[in-house]
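11 is the number of the first residue of the sequence shown in my numbering; add one for each residue after it. Read through the structure below, which is laid out as structure tokens, and then see the notes.
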Amino acid sequence: MSEDKTPSGPDLTKGVSLADFKDGKLLGHVGSEDVLLVQAGGEIFAIEPACSHYHGPLAEGLVVGDTIRCPWHHACFSLRSGEATRPPALNALAVWEITQDQDRIRVQRKREAPKPSARSVPTPERFVIVGGGAAGFAAAETLRREGFAGAITMLSNDGAMPVDRPNLSKDYLAGNAPEDWLPLRGEDYYQSAGIDLRLSTNVAAIDPKTRSVTLGNGDSLRFDRLLLATGAEPVKLQIPGAEQPHVHTLRSVADSRAIIKAAGSAKRALVIGASFIGLEVAASLRTRKLDVHVVAPEERPMQKVLGSEMGDFIRTLHEENGVNFHLEDTVERLDGTRATLKSGAVIEADLVVVGIGVRPRIALAEQAGLAADRGVSVTEYLETSIAGIFAAGDIARWPDPHSRHTIRVEHWVVAERQGQTAARNMLGRRERFDAVPFFWSQHYDVPINYVGHAESFDAVAIDGSISGKDCLLKYSKGGHVLAVASIYRDLDNLKAEFEMERSRG
Ligand SMILES: Cc1cc2nc3c(=O)[nH]c(=O)nc-3n(C[C@H](O)[C@H](O)[C@H](O)COP(=O)(O)OP(=O)(O)OC[C@H]3O[C@@H](n4cnc5c(N)ncnc54)[C@H](O)[C@@H]3O)c2cc1C
Numbered sequence: 011m012s013e014d015k016t017p018s019g020p021d022l023t024k025g026v027s028l029a030d031f032k033d034g035k036l037l038g039h040v041g042s043e044d045v046l047l048v049q050a051g052g053e054i055f056a057i058e059p060a061c062s063h064y065h066g067p068l069a070e071g072l073v074v075g076d077t078i079r080c081p082w083h084h085a086c087f088s089l090r091s092g093e094a095t096r097p098p099a100l101n102a103l104a105v106w107e108i109t110q111d112q113d114r115i116r117v118q119r120k121r122e123a124p125k126p127s128a129r130s131v132p133t134p135e136r137f138v139i140v141g142g143g144a145a146g147f148a149a150a151e152t153l154r155r156e157g158f159a160g161a162i163t164m165l166s167n168d169g170a171m172p173v174d175r176p177n178l179s180k181d182y183l184a185g186n187a188p189e190d191w192l193p194l195r196g197e198d199y200y201q202s203a204g205i206d207l208r209l210s211t212n213v214a215a216i217d218p219k220t221r222s223v224t225l226g227n228g229d230s231l232r233f234d235r236l237l238l239a240t241g242a243e244p245v246k247l248q249i250p251g252a253e254q255p256h257v258h259t260l261r262s263v264a265d266s267r268a269i270i271k272a273a274g275s276a277k278r279a280l281v282i283g284a285s286f287i288g289l290e291v292a293a294s295l296r297t298r299k300l301d302v303h304v305v306a307p308e309e310r311p312m313q314k315v316l317g318s319e320m321g322d323f324i325r326t327l328h329e330e331n332g333v334n335f336h337l338e339d340t341v342e343r344l345d346g347t348r349a350t351l352k353s354g355a356v357i358e359a360d361l362v363v364v365g366i367g368v369r370p371r372i373a374l375a376e377q378a379g380l381a382a383d384r385g386v387s388v389t390e391y392l393e394t395s396i397a398g399i400f401a402a403g404d405i406a407r408w409p410d411p412h413s414r415h416t417i418r419v420e421h422w423v424v425a426e427r428q429g430q431t432a433a434r435n436m437l438g439r440r441e442r443f444d445a446v447p448f449f450w451s452q453h454y455d456v457p458i459n460y461v462g463h464a465e466s467f468d469a470v471a472i473d474g475s476i477s478g479k480d481c482l483l484k485y486s487k488g489g490h491v492l493a494v495a496s497i498y499r500d501l502d503n504l505k506a507e508f509e510m511e512r513s514r515g
């Protein structure tokens, strides 16, 4: 909290009563620090009120048992220890000790941060992680959190340390977040955690027989357990002119930097594809005051995932912010700055960003003989068809107990959670991956939160007003609710996630 900020609510050292709580929570302060009191299961807890991910207000979150979930991106914290128990949060929150004298609740001192567990788990010696993204990073961190004492090598063919990838199309691209916000952890973390992070290191092959990976430079590395977390890559545009230097895709920090550099001198941007990433790029480039045109074949943006009503809203939202749509059309060729559309229209653009979807990077898995089906097939324990080799994140197709289908998604939080579960299973825990999928997307000041998974749906029930930016949409098929999307109904979205978890039994 900055020094000039007025502390929230009552001084909790002086004491409050349960009658002062609203919906089981009370926001107050201790000295200059805000503290949230939470009543859960007959106990009172005192915790830092801002999520350690993006500072979401936990006072508006959902209490489940002795945990609290953040309304913004569904991170979860233990109310007892402050520990981040579910991504996207990585860091623990401070917790305070309280005393209760009859009805008077007083907050005392801040509890010391718990020491990392030194539990040593009997496991094979060398774990190798291929991929330095959401899933790979979460796995490495979890292995150490769980007390794994063997060698961890994380291989990434990216030059950048693991970063907050969702930011690359949002605040960072818009110029609202400095680059030092991007790394998930600083360089010193890897050293102190004993994680051998090797950047710009391509893995060329996996040999399941000798239990080794071959690197691009010909070196090989033995493993006892392997996690494949190679993510996805942007689908390339196959039209004449697509290879020109002003045509970009967006996956890495280097890609985002290149778009920012180009945006510095460009006047007009053409975004090809009205995908989540495409439209987030459009919004960010509007913030940078570029003239932005979006060309996409669908009738409405995001209609397939979010339905026609939300699709119309998203279109209007972007139009109100100055984006020009050319829907039900495609770009046929790019001649320098001149883009010719199928309709015959011509758009002059000195910056082109292609956002037409991604493809899971499964070549390594296929070459190694792992079973694959539009992704790397894994069990509920995230193990591939070869024992001891696990897969997580954008590449993994797993049996989702909620939809009762095998699914593969491209969501940040899912990748992180899978990385954690895979890590525990590399340690022999046999933990099922059964989290309900969750993603968010941000367009200007409008966040869209989505839980569940609806490959297709036959009905959308809308509660509230989409145009009023206060709504909850339920997507169902055959009367069964598969997914829920919301705008500024964060608590309802958390509740929907919890209901889906419970309905699985
Ligand atoms: C711009 C952008 C914005 C996004 N915004 C959101 C959002 O708002 N919400 C959301 O839910 N999701 C979002 N996503 C999706 C989310 O980032 C992904 O689902 C997530 O990063 C997947 O994690 P992953 O670990 O599977 O793959 P990645 O994070 O892509 O990591 C894969 C890693 O593998 C490495 N690698 C690949 N092949 C090899 C090889 N052969 N050898 C060595 N290393 C290799 C790569 O270099 C990389 O380090 C966004 C994605 C992008 C690109």
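Heads up, the beta-carbon is just placed ideally off N, CA and C, and yes, glycines get one too. A quick note: this is a predicted structure, and the numbers were derived from the prediction, not measured.
**OP:** Taking SER486 and ALA469 to be in contact with their CB atoms under 8 Å, please state how far apart those CB atoms are, rounded to whole angstroms.
**Re:** Position 476 of the sequence shown, counted from the first residue, corresponds to residue 486. Position 459 of the sequence shown, counted from the first residue, corresponds to residue 469. 5 Å between Cβ atoms; contact.
Subject >> Separation of VAL73 from GLU43, as counted between CA atoms >> reply: Working through the sequence shown from its first residue, we reach residue 43 at position 33. Working through the sequence shown from its first residue, we reach residue 73 at position 63. Answer to the nearest angstrom: the Cα atoms are 22 Å apart.
Original post:
Which term fits SER513, buried or exposed, when burial requires 16 or more other beta carbons within 10 angstroms of its beta carbon?
Top reply: The residue you call residue 513 lines up with position 503 of the sequence shown. SER513 comes out exposed.
Subject >> Near ligand 1: HIS463 beta-carbon under 7 Å from a heavy atom >> reply: Position 453 of the sequence shown, counted from the start, is the residue given in the question as residue 463. For ligand 1, not one heavy atom lies less than 7 Å from the Cβ of HIS463.
Original post:
Which residues in the same chain have their Cβ closer than 7 Å to the Cβ of SER230, if we skip the five residues on either side of it in sequence?
Top reply: In the sequence shown, the residue the question calls residue 230 occupies position 220. So the list reads SER222, VAL223, THR224, once near-sequence residues are dropped.
Subject >> Cβ shell of GLY515 (< 8 Å), same chain only, five flanking positions each side left out >> reply: Translated into the one-based positions of the sequence shown, residue 515 becomes position 505. With a pLDDT of only 49 at GLY515, under the threshold of 50, the placement of this residue in the model should not be trusted, and no figure is reported.
Original post:
Buried or exposed: GLN254, going by 16 or more other Cβ atoms within 10 Å of its Cβ?
Top reply: Locating residue 254 in the sequence shown gives position 244, where the first residue counts as 1. Label assigned to GLN254: exposed.
Subject >> Near ligand 1: SER166 beta-carbon under 7 Å from a heavy atom >> reply: Locating residue 166 in the sequence shown gives position 156, where the first residue counts as 1. Flag set: Cβ of SER166 near ligand 1.
Original post:
Hey, would you say the C-beta of PHE137 is under 7 Å away from at least one heavy atom of ligand 1?
Top reply: As a first step, residue 137 is located in the sequence shown; it is residue number 127 there, counting from the start. For ligand 1, not one heavy atom lies less than 7 Å from the Cβ of PHE137.
Original post:
For the stretch 396–407 against the stretch 266–284, are there 3 or more C-beta pairs whose distance is under 8 Å?
Top reply: no
Original post:
Measuring from the CB of PRO176, is there a heavy atom of ligand 1 at a distance below 7 Å?
Top reply: Here residue 176 corresponds to residue number 166 of the sequence shown, with the count starting at 1. Checking the Cβ of PRO176 against ligand 1 gives yes.
Original post:
DSSP state of TYR200, grouped into three classes?
Top reply: For this step, residue 200 is matched to residue 190 along the sequence shown. Helix, per DSSP.
Original post:
What first and last residue would you give for the beta strand (DSSP E) that runs through GLY474?
Top reply: Within the sequence shown, numbered from 1, the residue matching residue 474 stands at position 464. Counting along the chain, the beta strand (DSSP E) containing GLY474 begins and ends at 469–475.
Original post:
Sorry if obvious, but does the Cβ on LEU374 come closer than 7 Å to a heavy atom of ligand 1?
Top reply: Position 364 of the sequence shown holds residue 374. Correct: LEU374 has its Cβ closer than 7 Å to ligand 1.
Subject >> Residues near PRO20 by beta carbon distance below 6 Å, same chain, minus five either side >> reply: The sequence position of residue 20 within the sequence shown is 10, counting from 1. The answer, listed in chain order, is VAL26, GLY38.
Original post:
Between LEU437, TRP422, ARG442, PHE158, which lies nearest to PRO411 when the distance is taken from Cα to Cα?
Top reply: In the sequence shown, counting from the first residue as 1, residue 411 sits at position 401. When each option's Cα is compared against that of PRO411, the closest is ARG442.
Original post:
Per DSSP, what kind of secondary structure is ILE396 in: helix, strand or coil?
Top reply: Against the sequence shown, residue 396 aligns to sequence position 386. Three-state DSSP puts ILE396 in coil, outside helix and strand.
**OP:** Excluding the 5 residues preceding and the 5 following ASP502 in the sequence, name in chain order all residues of the same chain whose CB lies nearer than 7 Å to its CB.
**Re:** The residue given as residue 502 occupies position 492 in the sequence shown. The answer, listed in chain order, is LEU482, SER496.
Original post:
Would you call ASP473 buried or exposed, if buried means 16 or more other Cβ atoms sit within 10 Å of its Cβ?
Top reply: Residue mapping note: residue 473 aligns to position 463 of the sequence shown, counting from 1. ASP473 comes out exposed.
Original post:
Mind checking whether the beta-carbon of ASP480 lies closer than 7 Å to any heavy atom of ligand 3?
Top reply: As for ligand 3, it is missing from this structure, which binds only ligand 1.
Original post:
Are LEU504 and PRO81 touching if we call contact CB-CB under 8 Å?
Top reply: Here the question's residue 504 lines up with position 494 in the sequence shown. Here the question's residue 81 lines up with position 71 in the sequence shown. In contact: LEU504 and PRO81 (Cβ atoms closer than 8 Å).
Subject >> CA nearest to the CA of SER4, picked from ASP360, GLN452, MET312, VAL388 >> reply: No information on residue 4 is available, as it lies outside the stretch 11 to 515 that the chain covers here.
Original post:
What residues are listed by DSSP as bridge partners for VAL40?
Top reply: Here the question's residue 40 lines up with position 30 in the sequence shown. GLU43.
Subject >> Cross-strand partners of HIS490 (DSSP beta bridge) >> reply: Mapped onto the sequence shown, residue 490 falls at position 480. Looking at the DSSP assignment, HIS490 forms a beta bridge with LYS487.
**OP:** Could you say which of ASN459, ASP181, ALA184, ALA239 lies nearest to GLY141 if we only look at CA atoms?
**Re:** Translated into the one-based positions of the sequence shown, residue 141 becomes position 131. For the residues ASN459, ASP181, ALA184, ALA239, the minimum Cα distance to GLY141 belongs to ALA239.
**OP:** Work out the CA separation of THR163 and TRP191 for me, nearest whole Å.
**Re:** Locating residue 191 in the sequence shown gives position 181, where the first residue counts as 1. Locating residue 163 in the sequence shown gives position 153, where the first residue counts as 1. Rounded to whole angstroms, TRP191 to THR163 spans 24 Å at the Cα level.
Original post:
In this structure, does DSSP put GLY274 in helix, strand or coil?
Top reply: In the sequence shown, counting from the first residue as 1, residue 274 sits at position 264. Here GLY274 sits in helix by DSSP.
Original post:
Where does MET164 fall in DSSP's three states?
Top reply: Here residue 164 refers to the residue found at position 154 of the sequence shown. If DSSP states are grouped into helix, strand and coil, MET164 belongs with the strands.
Original post:
For GLY429, which residues of its own chain have a beta-carbon under 6 Å away from its beta-carbon, when the five flanking residues on both sides are left out?
Top reply: Position 419 of the sequence shown holds residue 429. So the qualifying residues of the chain are ALA145, ALA148, ALA149, ALA402.
**OP:** Under 6 Å Cβ to Cβ from SER152, same chain only, skipping five residues before and after it: list those, please.
**Re:** What you label residue 152 is simply residue 142 of the sequence shown in a count that begins at 1. Just to set this straight, residue 152 is Thr in the shown sequence, not Ser. Only GLN430, ALA433 meet the Cβ criterion.
Original post:
Can you pull the DSSP bridge partners for GLN110?
Top reply: By one-based count along the sequence shown, residue 110 stands at place 100. Bridge partners of GLN110: ILE115.
**OP:** Note down, in chain order, each residue of its chain lying with its Cβ closer than 6 Å to the Cβ of LEU178, except the 5 sequence neighbours on either side.
**Re:** For the purposes of this step, residue 178 is taken as residue 168 along the sequence shown, with counting starting at 1. Here the set comprises SER266.
Original post:
Of all the options HIS336, PHE448, LYS299, which has the alpha carbon lying nearest to the alpha carbon of ALA273?
Top reply: For the purposes of this step, residue 273 is taken as residue 263 along the sequence shown, with counting starting at 1. Answer by Cα proximity: LYS299.
Original post:
To the nearest angstrom, how far is it from the Cα of ALA252 to the Cα of VAL363?
Top reply: Walking along the sequence shown from the start, residue 252 turns up at place 242. Walking along the sequence shown from the start, residue 363 turns up at place 353. Looking at the two C-alpha atoms, the distance is approximately 10 Å.
Original post:
Leaving out five residues before and five after SER387 in sequence, what residues of the same chain have Cβ atoms less than 6 Å from its Cβ?
Top reply: Taking the first residue of the sequence shown as position 1, residue 387 is located at position 377. So the qualifying residues of the chain are ALA381, ARG407.
Original post:
How is the alpha helix (DSSP H) around PHE147 delimited, first residue to last?
Top reply: Looking up residue 147 in the sequence shown gives position 137. Its alpha helix (DSSP H) spans residues 144–155.
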